[in-house]
Amino acid sequence: MIRVGAVGDVHLGEDSRGLLRPALEKVGEHADVLLLAGDLTRHGTVTEGRVVADEFSGLPVPVVAVLGNHDHHSDQPDEITRVLRDAGVVVLEGETATFDVNGQSLGVAGVKGFGGGFAGKCGSAFGEPEMKAFIQHTMGIAESLESALGSLDTDVKIALTHYAPVPDTLRGEPPEIYPFLGSYLLGEAIDATGTDLAVHGHAHFGAEQGMTPGGVRVRNVAQPIIRSAYTVYCVEPAVAEV
Amino acid sequence: MTAEQYLAARLRRALAEDPRTTELGVRVTVRGDNVLLSGDVACAERRDELEAVIHEVAPELTVLDDVRVVPAGEPGGREELR
Numbered sequence: 034m035i036r037v038g039a040v041g042d043v044h045l046g047e048d049s050r051g052l053l054r055p056a057l058e059k060v061g062e063h064a065d066v067l068l069l070a071g072d073l074t075r076h077g078t079v080t081e082g083r084v085v086a087d088e089f090s091g092l093p094v095p096v097v098a099v100l101g102n103h104d105h106h107s108d109q110p111d112e113i114t115r116v117l118r119d120a121g122v123v124v125l126e127g128e129t130a131t132f133d134v135n136g137q138s139l140g141v142a143g144v145k146g147f148g149g150g151f152a153g154k155c156g157s158a159f160g161e162p163e164m165k166a167f168i169q170h171t172m173g174i175a176e177s178l179e180s181a182l183g184s185l186d187t188d189v190k191i192a193l194t195h196y197a198p199v200p201d202t203l204r205g206e207p208p209e210i211y212p213f214l215g216s217y218l219l220g221e222a223i224d225a226t227g228t229d230l231a232v233h234g235h236a237h238f239g240a241e242q243g244m245t246p247g248g249v250r251v252r253n254v255a256q257p258i259i260r261s262a263y264t265v266y267c268v269e270p271a272v273a274e275v
Numbered sequence: 798m799t800a801e802q803y804l805a806a807r808l809r810r811a812l813a814e815d816p817r818t819t820e821l822g823v824r825v826t827v828r829g830d831n832v833l834l835s836g837d838v839a840c841a842e843r844r845d846e847l848e849a850v851i852h853e854v855a856p857e858l859t860v861l862d863d864v865r866v867v868p869a870g871e872p873g874g875r876e877e878l879r
């Protein structure tokens, strides 16, 4: 069994420095790895990135993060990524990270994700350049997620995103804004790759639990949803079919 | 009613776009002379900032603040996925 700690949307800044740290100091008692599902900062500044780095550095378990839309607001995602990596946080955007947990292998593939909407109610790469760019951004990210997940050959595979791969975990958000909260293309990538669990954030008014059309568990770990410094999911490797 | 909807939209955008708040996770409901704020923020200072921004954009409204500070403690349990 692998214990996966996860939280998203912590939105740290100087005014909230150290808030999570007391709970994080004991993360090793609860989890084997800690996933951060984006929106780590408020304005996406490097200064806020340093607060995040201080908050999550030196923990007894590996920390794996993706960035969110807030972390892009100041157009400095590369700098924030560098600050986090310098502090020992694994930051993924189309990449994977693998860990050995008590003899079982865990693989995490991460992307920010983006919007576009869900099957039957989604945008298309058609018309104005702005609209095409919007959908093509999601398409590129979903391809990158599928490629990363597909490259993993681990006992347990987890997809980590900021945006939602399914509408299930958006229940509570106004349906009109679903296209800004996620995309079915992310879910399709997850379903195509034998993934065991998908973890995302972004939807503060959504719901924690959902499932992809292919039967993969989806969890929305936005901090306003889980109402703690992080939550924990215990994942067993799927029994291999003979 | 129409004016209330436009006002609520303006206030919501102000909370999202003003650098003091940048909160997309706060609901804004305008009813008559009252504006209700609901949702979660990371710390108490951010609640005060929300009220300040709303007051600047619509000083005539009374702010009813249901915004909560999100708990940041250790998890109370864990979910076993089977």
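Those protein sequences? They're chains A and B, same order as listed.
The number in this note's numbering is simply the position in the first sequence, starting from 1, with 33 added.
The number in this note's numbering is simply the position in the second sequence, starting from 1, with 797 added.
Ideal Cβ placement from N, Cα and C applies to all residues, glycine included.
Every value quoted in this text rests on a predicted model; they were computed, and no experiment measured them.
Check whether the stretch 243 to 250 of chain A and the stretch 223 to 233 of chain A touch, using three or more Cβ-Cβ pairs below 8 Å as the test.
The stretch 243 to 250 of chain A vs the stretch 223 to 233 of chain A: in contact.
Along the chain, which unbroken stretches of the beta strand (DSSP E) at least 3 residues long are found entirely within the stretch 92 to 178 of chain A?
If we require 3 residues or more, the beta strand (DSSP E) runs fully inside the stretch 92 to 178 of chain A come out as 96 to 99, 128 to 134 and 137 to 144.
Can you check whether the C-beta of Gly874 of chain B is within less than 9 Å of a C-beta belonging to chain A?
Yes, its Cβ sits closer than 9 Å to a Cβ of chain A.
Give the straight-line distance between the Cα atoms of Arg260 of chain A and Arg875 of chain B, rounded to the nearest whole angstrom.
Arg260 of chain A and Arg875 of chain B: Cα-Cα distance of roughly 13 Å.
Enumerate in chain order the residues of its own chain whose CB-to-CB distance from Ile258 of chain A is below 6 Å, with the five nearest sequence positions on each side excluded.
Excluding positions up to five away in sequence, the list reads Glu241.
With C-beta atoms as the reference, is Pro212 of chain A less than 9 Å away from Gly149 of chain A?
Against a cut-off of 9 Å, the Cβ pair of Gly149 of chain A and Pro212 of chain A comes out as a contact.
Who are the neighbours of Leu808 of chain B on chain A, taking C-beta pairs under 7 Å?
Within chain A, no residue comes near Leu808 of chain B; the closest Cβ sits about 16 Å away, beyond 7 Å.
Are there 16 or more other CB atoms within 10 angstroms of the CB of Glu853 of chain B, so buried, or fewer, so exposed?
Exposed, since its Cβ has fewer than 16 Cβ neighbours within 10 Å.
How would you write the range of the beta strand (DSSP E) that Tyr266 of chain A sits in, first residue to last?
Thr264 to Val268 is the extent of the beta strand (DSSP E) around Tyr266 of chain A.
Considering Cα atoms alone, identify which of B:Ala841, B:Gly836 and B:Leu861 is closest to Asp830 of chain B.
When each option's Cα is compared against that of Asp830 of chain B, the closest is B:Leu861.
Check distances from the C-beta atoms of the stretch 839 to 871 of chain B to those of chain A and list, in chain order, the residues that come in under 8 Å.
Against chain A - using a Cβ distance shorter than 8 Å - the residues of the stretch 839 to 871 of chain B are Ala839, Cys840, Glu842, Arg843, Val867, Pro868, Ala869, Gly870 and Glu871.
Using a 10 Å radius around the Cβ and a threshold of 16 neighbouring Cβ atoms, would you call Ser184 of chain A buried or exposed?
Label assigned to Ser184 of chain A: exposed.
Just to confirm, is the Cβ distance from Leu67 of chain A to Tyr196 of chain A under 9 Å?
Their beta carbons are not under 9 Å apart, which means Leu67 of chain A does not touch Tyr196 of chain A by this criterion.
Over the uninterrupted alpha helix (DSSP H) stretch that includes Val880 of chain B, give me the two end residues.
Nothing in the structure corresponds to residue 880 of chain B, since chain B is present only between 798 and 879.
Evaluate Arg36 of chain A with the Cβ neighbour count: other Cβ atoms within 10 Å of its Cβ, from every protein chain shown; 16 or more gives buried, anything less gives exposed.
So Arg36 of chain A ends up on the buried side.
Using a Cβ-Cβ cutoff of less than 7 Å, which residues in the same chain neighbour Leu53 of chain A once the five nearest sequence positions on both sides are dropped?
Once the five neighbours on either side are set aside, the close Cβ partners of Leu53 of chain A are Val43, Glu88 and Ala262.
Pull out every residue of the stretch 817 to 833 of chain B whose Cβ sits closer than 8 Å to any Cβ of chain A, in chain order.
Result list: Thr819, Leu821, Gly822 and Arg824.
Within its chain, find whatever has a CB closer than 8 Å to the CB of Asp201 of chain A; leave out the 5 residues flanking it on each side and keep chain order.
Within the same chain, Asp201 of chain A has close Cβ partners Ala240, Gln242, Gly243, Met244 and Val251.
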